[in-house]
Structures are given as C-alpha cells and as structure tokens.
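Keeping their order, the protein sequence lines are chains A and B.
The first sequence begins at 2 in this note's numbering and counts up one residue at a time.
The second sequence begins at 2 in this note's numbering and counts up one residue at a time.
Report on the following structure.
There are 2 protein chains.
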Amino acid sequence: MKRRTSQRAALEMVFQKEDRPMGVEEILNAGRKIVRTLNQATVYRNLKIMVDNGELIQINHPAMGTLYERTGKGHHHHFYCRICGRVFELPGCGLDSKKAAPKGFITEEHEIFLFGVCPSCAK
Amino acid sequence: MKRRTSQRAALEMVFQKEDRPMGVEEILNAGRKIVRTLNQATVYRNLKIMVDNGELIQINHPAMGTLYERTGKGHHHHFYCRICGRVFELPGCGLDSKKAAPKGFITEEHEIFLFGVCPSCAK
DNA sequence: ATTATAATGCAAATGCATTTGCATTAGCAA
DNA sequence: TTGCTAATGCAAATGCATTTGCATTATAAT
C-alpha cells in the first residue's frame with residue numbers, strides 16, 4: 002500500500018508554504034531544506050503522484066517552462082516577476098471575451114501570462 | 002557572401018502563404034512541397050538566420066511549444082484551434098489592464114493564449 | 001521487534017528538440 | 001564556363017528534462 006514518507010511530506014510543506022507555481026529545480030531546493038537527502042528523481046516521482054492525486058497540476062509557462070501548482074484555486078492567471086523570477090497566481094481575470102477574438106472564433110478557454118515586477122521587488 | 006538558396010526562398014514562401022505561427026515540423030512539411038529535398042537541419046539553420054535578420058520571431062506556445070512567426074504584426078495574441086491544430090494571430094487585445102493584476106504588481110507585458118475552434122472548423 | 005515491500009538515492013538510460021561535422025551540391029563572381 | 005566556398009543533406013552528436021533499474025532504506029502491518 003501507499004506509504005507516507007518524509008520526502009513527500011516535505012514537498013507538501015513546500016507547496017503549502019510557497020503558495021505559487023514552482024519548477025522542479027526550485028521545488029527540489031526548497032524540499033532539501035526540510036529533508037536534506039531529497040533527490041531529484043524522488044521529486045519527479047512524487048510530483049507525478051501528486052498530479053495523479055489531483056493535488057497539483059502542471060502548467061507550461063512560456064518563459065519558465067514546466068511549473069507545478071496546487072489545484073482548487075479557481076480561474077486565475079500568472080504573473081512573472083523579472084526581478085525575483087517568481088511566478089504568482091493572480092485571482093480574477095481582466096479579459097474581455099468580446100474583444101478577445103474576432104467574430105467566428107469560438108473561444109473555449111484562455112491563459113494569460115503577465116510579465117513585470119512584483120510588489121515586493123517594486124519597493 | 003550570403004547566397005540566395007531555393008530552400009530559404011521556400012521557407013519565405015511558406016511564411017508568406019500561411020501567415021500564422023508554425024512549428025518546425027509543419028514548416029518542414031510545407032517547405033518540402035516546394036523543395037522536396039528540404040532537410041530539417043536546413044530548416045533550423047534558416048530559421049535561425051531569419052530570426053537574426055529580424056524577419057521572424059520565436060514564440061513559446063503553452064500547448065504547441067516553439068513556433069515561428071513573421072515580425073511586424075503589432076500587438077496581437079494567439080488562438081489555438083483544437084480541431085485543426087493551427088495557431089492564428091488575432092489582432093487587438095481584450096485585456097483590461099486595470100483588472101489584470103492587483104494593486105502593487107507592475108505589469109509591463111502580457112501574452113494571451115486562446116483555445117477553441119477556428120472559423121473554418123466551426124462550419 | 002520482525003518482516004514484507006513501497007519508496008528512496010544514485011547513476012545510467014531515454015526521449016525530445018536542436019546542433020554540428022563532413023562530404024557533396026550549387027550560388028555567384030570573375 | 002570555371003572556381004571558390006557558402007549552403008545543403010545526412011547522420012551522428014548534444015543538451016536538456018524526465019524516467020528507470022537496482023541496491024538500499026525505511027514505513028507500517030503483524
């Protein structure tokens with residue numbers, strides 16, 4: 002049966018603490034502060050399990066590549082800070098669906114990626 | 002000095018005819034209809050030249066990966082048709098920058114990816 | 001405690017997209 | 001035409017992110 006391991010718990014803590022999308026490298030580094038032997042292969046294996054569980058989803062960020070984020074956030078978009086390199090989830094949506102696409106296109110979904118400076122780097 | 006080759010001319014024709022972002026595979030296939038010996042390495046080499054020239058830019062589409070599109074289009078976004086798999090450039094922008102990000106975030110740029118059904122597949 | 005075996009750590013292996021070495025082909029100046 | 005050499009085609013090589021085999025470790029049922 003499935004076992005509760007310290008490394009999986011570490012990953013869950015990482016996602017709970019840093020509540021924003023993260024890449025494998027960043028997740029690994031943060032996880033190692035909790036379980037110092039944490040290995041990249043273990044991170045990949047657990048991320049896959051967590052995605053299958055429905056706790057996480059993968060997103061493809063045009064500048065950051067594959068990121069993982071917690072599910073259950075509702076509709077939101079992503080803000081990339083060019084100073085600190087972090088990606089934030091922004092609730093809500095500034096898209097006017099009428100203006101988004103010309104007549105004839107049937108828009109079913111959309112993703113918006115914002116780029117700029119986050120509040121803490123702007124200070 | 003730089004030479005005008007039939008394969009580079011073919012790529013230019015492809016981009017002129019299909020005026021939308023395309024991936025390497027698609028560019029190769031379309032190019033082979035013009036120059037049947039066209040090789041993938043040649044496509045990569047010429048795409049790089051064309052990007053350096055400023056005729057093309059690379060974009061990273063969350064669902065389609067790396068695509069190449071002609072420059073000089075002005076601000077626009079991308080529509081992916083789930084039926085035909087093509088990506089279209091949509092002029093204009095439906096983003097309300099006020100609603101896009103909460104107070105404190107300084108938004109400098111954005112990219113919008115729409116997903117759905119294109120006019121010709123909707124018929 | 002003991003034990004079965006799921007999960008880990010490590011390194012090697014994969015699967016991609018993309019690049020490169022080299023012999024051959026083909027622009028283009030003379 | 002001829003000759004120089006940039007550009008091509010082909011296949012092998014790279015560079016990544018991600019996966020996998022296997023010996024070892026450690027969870028949890030007994």
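We put the CB at the ideal spot given by N, CA and C, even for glycine.
Predicted, not measured: the structure shown is a model, and the values here were computed from it.
Original post:
What residue from L48(B), R71(B), V25(B) and G95(B) has the CA that sits closest to K18(B)'s CA?
Top reply: Ranked by how close their Cα comes to the Cα of K18(B), the residues L48(B), R71(B), V25(B) and G95(B) have R71(B) in first place.
**OP:** Check whether the Cβ of E109(A) lies closer than 8 Å to any Cβ atom in chain B.
**Re:** Chain B contact via Cβ: present.
Original post:
What residue does the alpha helix (DSSP H) around N54(B) start on, and which one ends it?
Top reply: For N54(B), the enclosing alpha helix (DSSP H) covers residues Q41 to N54.
Original post:
In chain B, what lies closer than 7 Å to E112(A) by C-beta?
Top reply: What E112(A) touches in chain B: P63 and F114.
Original post:
Taking 8 Å as the CB-CB limit, is P22(B) close to chain A?
Top reply: For P22(B), the closest Cβ of chain A is not nearer than 8 Å.
Original post:
By the 10 Å Cβ neighbour count, where 16 or more other Cβ atoms means buried, how is E109(B) classified, buried or exposed?
Top reply: Burial is judged here by how many other beta carbons sit within 10 angstroms of a residue's own beta carbon; E109(B) has fewer than 16 and is exposed.
Original post:
Does the beta carbon of G86(B) sit closer than 8 Å to a beta carbon anywhere in chain A?
Top reply: Not closer than 8 Å to any Cβ of chain A, the Cβ of G86(B) fails to qualify, so no.
**OP:** Check whether the Cβ atoms of G117(A) and F80(A) lie closer than 8 Å to each other.
**Re:** Against a cut-off of 8 Å, the Cβ pair of F80(A) and G117(A) comes out as a contact.
**OP:** Say whether chain B places a C-beta atom closer than 8 Å to the C-beta of V118(A).
**Re:** Among the CB atoms of chain B, one or more fall inside 8 Å of the CB of V118(A).
Original post:
How about the segment 29-37 of chain B and the segment 8-15 of chain B: do they share at least three Cβ pairs that are nearer than 8 Å?
Top reply: Between the segment 29-37 of chain B and the segment 8-15 of chain B there are three or more inter-stretch CB-CB distances shorter than 8 Å, so the stretches are counted as touching.
**OP:** Along the beta strand (DSSP E) that carries P120(A), what are the first and last residues, could you check?
**Re:** From DSSP, P120(A) is part of no beta strand (DSSP E) but of the alpha helix (DSSP H) over P120 to A123.
Subject >> C-alpha gap between E112(B) and T43(A), whole angstroms >> reply: Each residue's alpha carbon lies about 33 Å from the other.
Original post:
Smallest Cα separation from C122(A): which of F89(B), Q8(B) and G105(B)?
Top reply: Ranking F89(B), Q8(B) and G105(B) by Cα distance to C122(A) puts G105(B) first.
**OP:** Please list the partners that F16(A) has in chain B, where partner means a Cβ-to-Cβ separation under 7 Å.
**Re:** Those within 7 Å of F16(A) in chain B number zero; the least Cβ separation is about 21 Å.
Original post:
What residues from the segment 80-104 of chain B come within 9 Å of chain A, judged by C-beta to C-beta, listed N to C?
Top reply: Along the segment 80-104 of chain B, going in chain order, the ones with a CB nearer than 9 Å to a CB of chain A are F80, C82, R83, F89, L91, P92, G93, C94, G95, L96, D97, S98, K99, K100, A101, A102, P103 and K104.
Subject >> Minimum C-alpha distance to V68(B) - residue among R5(B), V52(B), R4(B) and T6(B) >> reply: Per the sequence presented here, residue 68(B) reads as Leu, with Val not at that position. Out of R5(B), V52(B), R4(B) and T6(B), the CA that lies nearest to the CA of L68(B) is found in V52(B).
Subject >> For R71(A), the first and last residue of its enclosing beta strand (DSSP E) >> reply: Annotation: the continuous beta strand (DSSP E) that includes R71(A) extends over G66 to R71.
Original post:
Alpha carbon to alpha carbon, how far is G95(B) from K100(A)?
Top reply: Going by the C-alpha atoms only, they are around 5 Å apart.
Original post:
At least one CB of chain B closer than 8 Å to the CB of A10(A): is that the case?
Top reply: The C-beta of A10(A) comes no closer than 8 Å to any C-beta of chain B.
Original post:
Which residues mark the beginning and the end of the alpha helix (DSSP H) in which F16(A) is found?
Top reply: Segment S7 to K18, the alpha helix (DSSP H) holding F16(A).
Subject >> Limits of the beta strand (DSSP E) - the one that V88(A) falls within >> reply: Counting along the chain, the beta strand (DSSP E) containing V88(A) begins and ends at V88 to P92.
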